[in-house]
Every structure is written in C-alpha cells, then in structure tokens.
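In the working numbering, the protein residues as written are 948 to 1352.
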C-alpha cells in the first residue's frame, strides 16, 4: 500500500503543478488526445475579444463609430454628441459555434452582455456611464488519455474548464465645438477567471494500481486602467466621420493564492475610424476600420505561462441601412453588412482571422422613444489546414433602448 499512496501523491502533485501553470492550460487543450467540447481557437491568450457594440452596429458590420442617428456602442466618446435626448440601452449576444477538426464536428455556444450604457446630453456637452465586453474566457473541454506506469496503465478522462472574462467600465465626456466634437473616456478593465481540473481514472490495466479522482482549481482577478480620446466632424444631417485613439496600459492578473506571483500584460494602443453618409432620406451607408498593436503584448512574468502568440490586428466592416418600411405603426429599418477582423492570439506563428456577413432590423416606437434592434451574424474563423481547427458561428445580438424627452 505505501507504493500506491506514493504514486497517488505524485499524480496529485503533477496535477496541482498543472493548475498553477495558469495560462498554459489553454495550450494543453491542443494535446493529441480526444477533444469533446469547445473551443480551442478562442481559448488562447487573454480569450476571445468581445466587440462592445449594440445591435444596430452589429448588423451594419460592426461599424459602431460615426453612425448617424446615434449608437450605444462603446467606441468613440465623441459619438455621444449624436444623441439629442438622454437614453439607456442594454445589448445581449448569443452565439452558437460548430468546431471542425480532424474528428467529428462539435456544437457549443455562449451568451454575453456586449454593452449596457446610459447617456445624458446637456447643451453642448454629453456624459455617459457604460459597461462593455472586452474578453470572453469561458470554455471547457474533455480529454481522454492514459497514464502509463512501469507495471501497467490507467485510462482517465479529464475535464478542463475556464469560467470568467474581462469587461470594461467606461466613463465618457464629450463637448461640441461647432461642427466638431471631442471626447475622452476613462476605462477600468475588471474581471475574474476560475480555472478547474477534474480527472477521473478508469479501471487499471495490467498490474497498475486503482487510482481515485483528482480535482484542482485556480482563481485570479483582472484589473487595468485605459484611456481613449475621440473626435468627430458632422456636415449637416448627411455626413459624419470620427476617429478615436486608445492608450495602452498594464493589465494585472492577481492569483487568489498568496504564494503565486502577480502577472502583468502590456495592453496595446489602438486607432479606430468610422463614418456614415445618408445617401437619400431612406438609405444610409456606413463603414469603419481600425488597428491595434497586440504583437508586443505578452506576460512579463514567466510563471504566468506564455503558451500563445500575439499579433497586430486590423479590422474592417460596413453596411447599408434602408429605412422606408414600417410595422404596426413603428419604423422598421432593414440592415445588411460584412466585416473582417484579425484575432489577437493564436497557438502558432500564423494569425487567425474572422469574417462574417451581418444583417438585421430595428423596430422604433414613438419616433425612437423605444427601440428594439436585432442583428444576425454568420461567419467563420481559423483554418483546419493551418491551425488544425476551424469554427463556424452564428450570433444573434438583441438591443433594447429607451430615450427620454
């Protein structure tokens, strides 16, 4: 019995060491064993980037900046000046994912809040408080493998789970200067992450001993400050264009266990441009794009793990809105668009890209006092030949907003 207890102790110690490896957990999901759940493409680095846009912007290719009629997206602080009345909006996105690899395809999904925003214009000023998505770190998978010993082997099944994410709390202020608008934002990044292991051993083979189950967990919290400045120009009621610049900053990952070191990540600077043109009274065309320097981002602390590559990313999107229809006394604008964006993290040297066709509609009551916006996106990311995996996804974003007059 003592050798068996010693073996169990060594196995438990090995699992605890894996738990403490932190971000290396995501890299382990690429091990050559059976994979039964989601989602290796978006489980690396800091997670999957969540665009803080509302349903209208999502349906128009994600172009949330410089959008005539106003947007509740957390992009350019100068866009607050596009709203004439106080307003409040909540946006929720639900996504279904099909994972494709060497084995059979797998289906999974997730849901998240993308934006919650309250804004108040006053004369030539506007102010808002907002909550926006930043990174989604929820994923899970089940691995099957065999622990091989000198006197036999023990098959096992292991579940790995990440639960958590990073969000942004945003306070923005904007000022109108004739046709120009300027704005600034202070953003607090916050969140938490729980990483869990659950390993269950099956009946031993040969002379190997029977082993009990093993579980381990690690928790950490995120924090950072970031700032954004924006400007816009409006030419009558037909044209608006804007640009915003985001600072870098340092993202801190603080483990719950006091003996573990705190990890630090350098956040990138970014630039985003956008604009829209009302071609006719009923047709609006919008486009936007930007770039973020993620290639320099990485953990400064080796103990936090470095099992991912980071890349500079660019994104581009746009769409068309047709506003001549109505339903049950409410205006019913129809929207269609397209977008393409790079993903900041990968396991290999090649960056991954995501593209999607977008569309949707709005339903406005009492001249915009209450608005429902629904967006649909269908797209893909990754490449089976290059990355070993690819994902197709279907996303629905629902926004509800109220204005006060």
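Note that the Cβ used here is the ideal one computed from N, Cα and C, for glycine as well.
Under a three-way DSSP split, which group does residue 1096 fall into? Residue 1096 sits at position 149 when you count from the first residue of the chain shown. In this structure, residue 1096 counts as strand in the three-state DSSP scheme.
Do the CB positions of residue 1346 and residue 1114 come within less than 8 Å of each other? Translated into positions along the chain shown, residue 1346 becomes position 399. Translated into positions along the chain shown, residue 1114 becomes position 167. No, they are not a contact pair.
Please work out which residues of its chain come closer than 6 Å, Cβ to Cβ, to residue 1148, disregarding the five sequence neighbours upstream and downstream, and give them in chain order. Translated into positions along the chain shown, residue 1148 becomes position 201. Closer than 6 Å at Cβ, skipping near neighbours: 1101, 1103 and 1158.
For residue 1232, does the three-state DSSP call read helix, strand or coil? Your numbering for residue 1232 matches position 285 in the chain shown. Note: residue 1232 maps to strand in three-state DSSP.
Indicate the three-state DSSP secondary structure (helix, strand or coil) for residue 1294 in the structure shown. Indexing the chain shown from 1 puts residue 1294 at position 347. It is coil, neither helix nor strand.
Would you call the region 1337-1351 and the region 1030-1047 touching, i.e. three or more CB-CB distances under 8 Å? yes
Sequence-distant residues of the same chain with beta carbon closer than 6 Å to residue 1186, five excluded per side: Walking along the chain shown from the start, residue 1186 turns up at place 239. Excluding residues within five positions, the ones whose Cβ falls inside 6 Å are 1224.
Whose C-alpha, out of 1019, 1028 and 1024, is nearest the C-alpha of residue 1174? In the chain shown, the residue the question calls residue 1174 occupies position 227. Measuring from the Cα of residue 1174, the nearest candidate turns out to be 1024.
Please report the residue range of the beta strand (DSSP E) in which residue 1242 lies. Translated into the one-based positions of the chain shown, residue 1242 becomes position 295. Counting along the chain, residue 1242 falls outside any beta strand (DSSP E), and DSSP gives it neither H nor E.
Note down the Cα distance separating residue 1164 from residue 1121, rounded to an integer number of angstroms. Here residue 1164 is taken as the residue at index 217 of the chain shown, counted from 1. Here residue 1121 is taken as the residue at index 174 of the chain shown, counted from 1. For residue 1164 and residue 1121, the distance between alpha carbons rounds to 44 Å.
If you reduce the DSSP assignment to three classes, tell me which class residue 1287 lands in. By 1-based counting over the chain shown, the position of residue 1287 is 340. Strand at residue 1287.
Taking DSSP as the reference, what is the three-state secondary structure of residue 1003? If you number the chain shown from 1, residue 1003 lands on position 56. Helix, per DSSP.
Do the region 1265-1274 and the region 1004-1019 meet, that is, are 3 or more Cβ pairs less than 8 Å apart? yes
Ignore the nearest five residues each way along the sequence and tell me which others in residue 1140's own chain have a CB closer than 6 Å to its CB. On the chain shown, position 193 is the one that residue 1140 refers to. Same-chain partners within the cutoff: 1084, 1111 and 1167.
Which residues does DSSP pair with residue 1088 in a beta bridge? Translated into the one-based positions of the chain shown, residue 1088 becomes position 141. In the DSSP output, where bridge partners are listed per residue, residue 1088 has 1107.
Is the separation between the beta-carbon of residue 1274 and that of residue 1316 shorter than 8 Å? For the purposes of this step, residue 1274 is identified with residue 327 of the chain shown, where counting begins at 1. For the purposes of this step, residue 1316 is identified with residue 369 of the chain shown, where counting begins at 1. No; because the gap between Cβ atoms is not below 8 Å, this pair is not in contact.
Let me know the beta strand (DSSP E) ranges lying completely inside the region 1025-1069, each 3 residues or longer, listed in chain order. 1034-1047 and 1053-1069
By DSSP's criteria, residue 1183 is part of a beta bridge. Which residues make up the other side? For the purposes of this step, residue 1183 is taken as the residue at position 236 of the chain shown. DSSP output for residue 1183 lists no bridge partner at all.
Let me know the secondary structure DSSP gives residue 1303 once reduced to three states. In the chain shown, the residue the question calls residue 1303 occupies position 356. It is a strand residue.
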